[in-house]
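**Q** Heads up, the sequence shown is in the numbering used here, so the first residue is 1082 and it goes up one at a time. Where is the CB? At the ideal position from N, CA and C, for every residue including glycine.
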Amino acid sequence: MKKSTDNGLKDFLVREVLLHGSDTLPAETARRLAEVRRDKPSAPVIYVASGSAAIIAGANATAAAAELYLDEMGIMGEVVRTGCHGPAAFEPLVCVHLPGKNKLIFRNITEDKIEPLLNGVFHNDMPEEDLVAQSGSYGFEAWHDIPFLEEVPFFRLQKRVVLGNCGCYDPESIEEYISRSGYRAFLKTIRNYTHEEVCDIVERSGLRGRSGGGFNTGLKWKYALNSASDNRYLICNAKESDPGSYADRSVMEGDPHRLIEGICIASYAIGASTAVIYLKTGSPHPLARLRKALAAAAEYGITGHNILSSGFNLEIIVREEAGAFVCGEETALIASLEGKRGMPELKPPYPTTSGLYGKPTVINNVETLMNVPLIMSHGPEWFRSMGTEGSKGTKLFSLGGKGRFTGLIEVEMGTTFRTITEGIADGIRDGKAFKTLQIGGPSGTFITEKNLDLPVDYDVLRANGIAMGSGGLIIIDETTCLVDFVRYYMEFIHRESCGKCIPCREGTGRMQEILENVVRKPHSEDSNATLERFKGVMQLETIASVMKDTSLCGLGQTAPNPFISALANYREEFEEHIFDRRCRANVCRGLRTFSIDVEKCTGCTVCAAKCPVNAIYGTRLQPFFIVEDKCIGCGVCYDVCKFSAVTVK
């Protein structure tokens, strides 16, 4: 595919597509766009998913092997690197599109599998082991006895709107994006609507901010537009710092031009001439794709001065944050952009009144802005037709944990969490029992079995004490200790606290200290040590309550949420740790007691040699024993024993 250096293609796209006044394009223009999109390829096309997860799994080597195969075999074909399709367990994912046939989708295609895979496909000897499905539309010949992608549970129960382009085209090609109606919504906006009208359309659509709070996006834009100022700013918060959350990153890698288009429309709506993409540090792949996309947009005149003779000016800047979790909070983010230490400020004033450099500023996250071009293209009623009464559209989730299938998913608002857990994730792997669903990251809550039928809806979840969060969703099974899970999150929050306010700074530290004591045996069994331990445990709920009521920013106020939610729903697990000093999941090393069965021990000495604290004694070829006072519960002896002589309680 020719890139933006092809001036003939560039002129054609600008003149015949972007500047075309009608929604209906001439037949010849539509035909040529179909060629750019590879709708009906005349030669084989091999699509290789190349998001961050796929690259880690070896996608670059897979793509290189596919290119080498075509070259060595003398086949006139093309290898296209796309974004993420969604299912993490399928990476590297490869699609093969032969002329006149449906696409074939294969999973886990590493470099060594490419040659036998392509040999099989080209000679109609289908390799079934890694075959997932076929995908196609009217006009293509279907493959026999191969399921369609829409029949695979992971995809069948989704509604891919924001993810519509991800995995379908080369995200580094602005030509392909324009051929898929890209940037036409932006041109339509700046030609036909005033700033106020754009805000009205987005407000009527019911689009709510996808960063957790769920505030009406169009209304938020109006606040900034109506704040008197000579300048305004639009910030795209692409930081996404929650552990286990990767939706924004995947979307930026798979469809960066739609994000840019959303930023352009939002900037026009609020009258901003400068927009900033605030990106998480250590994200080289999405950063590289964003910069290429921004350079191409500037080359096509979509950003810059007097955009396509409209009189609208816009500069989009990318800034990498310094790595602080707290900079995900609006006021801390603004302080970071201004070159200050990222620390929250009291509100009001809100950023829409006084934000970056004291000017009215709108902060939207990636998912929110990705919806904007679709709303402007299809209309607010189209968007309102999806979802529930109070929550319109779709929602992205980074689905992780112990489900059989995990990855990036998109569901219509109103979909139940049971559908996600039992349908899209296809239940729990390895035959384990479901325990709970954790939503919202380190500041999130737990969804129990009895609440799995709750819908994905901001208002319904809030009424049940559950926060949507930024889209992290973790499936937890019976092998997970929730006390240890909460302890990990509290450790994370304490480490990431900015330290500005005492409730958050000291409260998270004290809660972490108490939870650390809960997940290990006391060093001393005397009455004073026991009393101190129980006094600390009794303080947990009080500390959590004080933090929620008195912390300066939302991060501190929501930091105790995992503990409060876990204690409310799984109190017996905490009591087992505190009173019985037992972890039912056998996860908390500090509570585990290891012993050696003398009937099974052969005296091979392997466990003694591997013990990191020399807590195992004995004579060779005679039964060994473990000194409990020295044992740290690491479990190395249990892992290395070949005779199942080491037991754990």
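Secondary structure at S1676, three-state DSSP: helix, strand or coil?
**A** Within the sequence shown, numbered from 1, the residue matching residue 1676 stands at position 595. Strand at S1676.
**Q** Would you grab the beta carbon distance between A1319 and L1360 for me? Rounded to a whole angstrom, and I think it's under 8 Å.
**A** The residue labelled residue 1319 in the question sits at position 238 within the sequence shown. The residue labelled residue 1360 in the question sits at position 279 within the sequence shown. At roughly 5 Å, the Cβ-Cβ gap stays under 8 Å, so A1319 and L1360 are in contact.
**Q** Anyone know if the C-beta pair for F1644 and V1567 falls short of 7 Å?
**A** On the sequence shown, residue 1644 is found 563 positions in, with the first residue counted as 1. On the sequence shown, residue 1567 is found 486 positions in, with the first residue counted as 1. Yes, Cβ-Cβ distance for F1644 and V1567 is below 7 Å.
**Q** What does the Cβ neighbour count give for M1619, buried or exposed, with the cut at 16 atoms within 10 Å?
**A** What you label residue 1619 is simply residue 538 of the sequence shown in a count that begins at 1. Exposed is the call here.
**Q** Tell me the rounded alpha-carbon separation between K1473 and H1459.
**A** In the sequence shown, residue 1473 corresponds to position 392, counting from 1. In the sequence shown, residue 1459 corresponds to position 378, counting from 1. Taking the straight line joining both Cα atoms gives about 14 Å.
**Q** Compute the Euclidean distance between the alpha carbons of T1674 and K1723, then round it to the nearest angstrom.
**A** The residue given as residue 1674 occupies position 593 in the sequence shown. The residue given as residue 1723 occupies position 642 in the sequence shown. Taking the straight line from one Cα to the other gives about 19 Å.
**Q** Measuring only the C-alpha atoms, how far is V1098 from P1454?
**A** Numbered from its first residue, the sequence shown carries residue 1098 at position 17. Numbered from its first residue, the sequence shown carries residue 1454 at position 373. C-alpha separation (whole angstroms): 16 Å.
**Q** Name the two residues that bound the continuous alpha helix (DSSP H) containing N1200.
**A** The residue labelled residue 1200 in the question sits at position 119 within the sequence shown. Note, N1200: alpha helix (DSSP H), I1195 to F1203.
**Q** DSSP beta-bridge partners for I1136?
**A** As a position in the sequence shown, residue 1136 is number 55, starting the count at 1. BP columns for I1136 are empty, so no partner.
**Q** Give the DSSP-derived three-state secondary structure of T1270 in the structure shown.
**A** Locating residue 1270 in the sequence shown gives position 189, where the first residue counts as 1. The answer is helix: DSSP assigns T1270 an H, G or I state.
**Q** Note the first and the last residue of the continuous alpha helix (DSSP H) segment covering A1733.
**A** With the chain running from 1082 to 1730 in the structure shown, residue 1733 is simply not present.
**Q** Can you tell me which of the three DSSP states A1376 falls into?
**A** Taking the first residue of the sequence shown as 1, we reach residue 1376 at position 295. Looking at A1376 - three-state DSSP - the assignment turns out to be helix.
**Q** Answer yes if the region 1340-1351 comes into contact with the region 1534-1542, meaning at least three C-beta pairs across the two stretches below 8 Å, and no otherwise.
**A** In short, these stretches do not touch, since the Cβ pair count stays below three.
**Q** Measure the Cβ-Cβ separation of T1449 and T1298 and say whether it is below 7 Å.
**A** For this step, residue 1449 is matched to residue 368 along the sequence shown. For this step, residue 1298 is matched to residue 217 along the sequence shown. Yes, these two residues count as a Cβ contact at 7 Å.
**Q** With a threshold of 6 Å on Cβ separation, who are the neighbours of C1634 within its own chain once the five nearest residues in sequence on each side are excluded?
**A** One-based indexing of the sequence shown puts residue 1634 at position 553. Result list for C1634: E1410 and P1425, in chain order.
**Q** Please state the DSSP three-state secondary structure of F1498.
**A** For this step, residue 1498 is matched to residue 417 along the sequence shown. DSSP places F1498 in helix when its eight states are reduced to three.
**Q** Within a Cβ cutoff of 6 Å, which residues of the same chain sit near F1573, ignoring the five residues on either side of it in sequence?
**A** By one-based count along the sequence shown, residue 1573 stands at place 492. Contacts found: P1523.
**Q** Quick one: what's A1319 bridged to in DSSP?
**A** Counting from one through the sequence shown, the residue named residue 1319 turns up at place 238. According to DSSP, which records beta bridges pairwise, A1319 is partnered with L1360.
**Q** K1303 to A1309, Cα distance in whole Å?
**A** Here residue 1303 corresponds to residue number 222 of the sequence shown, with the count starting at 1. Here residue 1309 corresponds to residue number 228 of the sequence shown, with the count starting at 1. Rounded to whole angstroms, K1303 to A1309 spans 12 Å at the Cα level.
**Q** Would you mind reading off the limits of the alpha helix (DSSP H) that contains T1742?
**A** Only positions 1082 to 1730 of the chain appear in this structure, which leaves residue 1742 out of reach.
**Q** Where do the N-terminal and C-terminal ends of the alpha helix (DSSP H) with A1544 fall, by residue?
**A** On the sequence shown, residue 1544 is found 463 positions in, with the first residue counted as 1. Residues Y1539 to A1544.
**Q** Taking the C-alpha atoms as reference points, what is the distance between E1622 and E1491?
**A** Your numbering for residue 1622 matches position 541 in the sequence shown. Your numbering for residue 1491 matches position 410 in the sequence shown. E1622 and E1491: Cα-Cα distance of roughly 36 Å.
**Q** Which ranges would you report for the beta strand (DSSP E) in the region 1544-1621 if only whole runs of at least 3 residues count?
**A** List check, beta strand (DSSP E) in window: 1553-1558.
**Q** Just to confirm the assignment: which complete alpha helix (DSSP H) runs, minimum length 4, are found wholly within the region 1408-1441?
**A** Entirely contained in the region 1408-1441, the alpha helix (DSSP H) runs reaching 4 residues are, in chain order, 1411-1418.
**Q** Quick one: Cα of R1291 to Cα of A1369, how far?
**A** Counting from one through the sequence shown, the residue named residue 1291 turns up at place 210. Counting from one through the sequence shown, the residue named residue 1369 turns up at place 288. About 24 Å.
**Q** Does the distance from the C-beta atom of G1789 to that of A1544 stay below 7 Å?
**A** Beyond the ends of the chain as shown, which are 1082 and 1730, falls residue 1789; an answer cannot be given.
**Q** Quick check on DSSP: helix, strand or coil for H1178?
**A** What you label residue 1178 is simply residue 97 of the sequence shown in a count that begins at 1. In the structure shown, H1178 sits in a strand (DSSP, three-state: E or B).
**Q** Does the beta-carbon of Q1593 have 16 or more other beta-carbons within 10 angstroms, so that it is buried, or is it exposed?
**A** Mapped onto the sequence shown, residue 1593 falls at position 512. Burial call: buried.
**Q** Can you name the residues that DSSP bridges to R1291?
**A** The count along the sequence shown starts at 1 and reaches residue 1291 at position 210. Paired residue(s): none; R1291 is not in a bridge.
**Q** Taking just the CA atoms, how far does D1206 sit from N1200?
**A** As a working mapping, residue 1200 is identified with position 119 in the sequence shown. As a working mapping, residue 1206 is identified with position 125 in the sequence shown. If I take the Cα positions, the gap works out to 8 Å.
**Q** So, with DSSP's three-state summary, where would you put L1100?
**A** The residue labelled residue 1100 in the question sits at position 19 within the sequence shown. L1100 falls in the coil class under three-state DSSP.
**Q** Would a C-beta distance cut-off of 7 Å place A1305 and P1430 closer than the cut-off?
**A** As a first step, residue 1305 is located in the sequence shown; it is residue number 224 there, counting from the start. As a first step, residue 1430 is located in the sequence shown; it is residue number 349 there, counting from the start. Not in contact: A1305 and P1430 (Cβ atoms no closer than 7 Å).
**Q** Starting from Y1128, follow its DSSP beta bridges and name the residues at the other end.
**A** Position 47 of the sequence shown, counted from the first residue, corresponds to residue 1128. In DSSP, Y1128 forms a bridge with V1161 and C1176.
**Q** So, under 8 Å CB-CB, F1478 and L1533 are touching, yes? Tell me the CB distance rounded to an integer number of Å.
**A** What you label residue 1478 is simply residue 397 of the sequence shown in a count that begins at 1. What you label residue 1533 is simply residue 452 of the sequence shown in a count that begins at 1. At roughly 14 Å, the Cβ-Cβ gap does not stay under 8 Å, so F1478 and L1533 are not in contact.
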